[in-house]
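Numbering (the working numbering), first residue to last: 23 to 168.
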């Protein structure tokens, strides 16, 4: 099973059967089921990227992408990775001009957990975000841009 929350028109033009829904909160869900393997891919796209940054103040989309891996109030520290890797899964993200993408791959029975973790990542940084984490990731992003 694969859950994708935003795709380009070119990707949708392929001959893959899918269902598309728009949730009450405006989120577009594109669902493609493939039961060839007992795994799920949750692929979440946000329509915000480097094109949304102000001239002379770049790198924020990439920085925020990094900060989303620094833990939340409910999954502190590397709790996200502990859940993923503890079940043989993995995840990553990337930022580009038109958007930011987060993806999770793992056992199909964890689809609800993956969806919950993605929602948590975007809504529960709260006390988990510290100046130390911000400074660390700012330096990481600066080094990646060199």
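Quick reminder that beta carbons are idealized off the backbone N, C-alpha and C, glycines included.
TODO: Report yes or no: do three or more beta-carbon pairs, one from the region 128-136 and one from the region 84-92, lie closer than 8 Å?
DONE: no
Open item on the list: Between residue 64 and residue 125, how many whole angstroms is the CB-CB distance? I'm expecting something under 8 Å.
Closed with: By 1-based counting over the chain shown, the position of residue 64 is 42. By 1-based counting over the chain shown, the position of residue 125 is 103. That pair is a contact at about 7 Å.
- [ ] In angstroms with no decimal places, state the Cα-to-Cα distance between residue 166 and residue 49.
- [x] As a first step, residue 166 must be located in the chain shown, where it is residue number 144. As a first step, residue 49 must be located in the chain shown, where it is residue number 27. About 31 Å.
- [ ] Jot down the residue ranges of each uninterrupted beta strand (DSSP E) in the region 101-140, minimum 3 residues, whole runs only, in chain order.
- [x] 112-117 and 122-129
- [ ] Report yes if the CB atom of residue 121 is closer than 8 Å to the CB atom of residue 68, and no otherwise.
- [x] Translated into the one-based positions of the chain shown, residue 121 becomes position 99. Translated into the one-based positions of the chain shown, residue 68 becomes position 46. For residue 121 and residue 68, yes; Cβs fall inside 8 Å.
Open item on the list: Tell me which residue opens and which closes the beta strand (DSSP E) that residue 64 is part of.
Closed with: On the chain shown, residue 64 is found 42 positions in, with the first residue counted as 1. Where residue 64 is concerned, the enclosing beta strand (DSSP E) stretches over 61-68.
TODO: Locate the alpha helix (DSSP H) running through residue 85, then write down its first and last residues.
DONE: Walking along the chain shown from the start, residue 85 turns up at place 63. It spans 82-89 - the alpha helix (DSSP H) in which residue 85 sits, taken as one unbroken run.
- [ ] Tell me, please, which residues DSSP counts as bridged to residue 79.
- [x] Sequence index remark: in the chain shown, residue 79 carries index 57 (1-based). Partner(s): 76.
- [ ] Locate the beta strand (DSSP E) running through residue 41, then write down its first and last residues.
- [x] As a position in the chain shown, residue 41 is number 19, starting the count at 1. Run containing residue 41: 41-44, per the beta strand (DSSP E) assignment.
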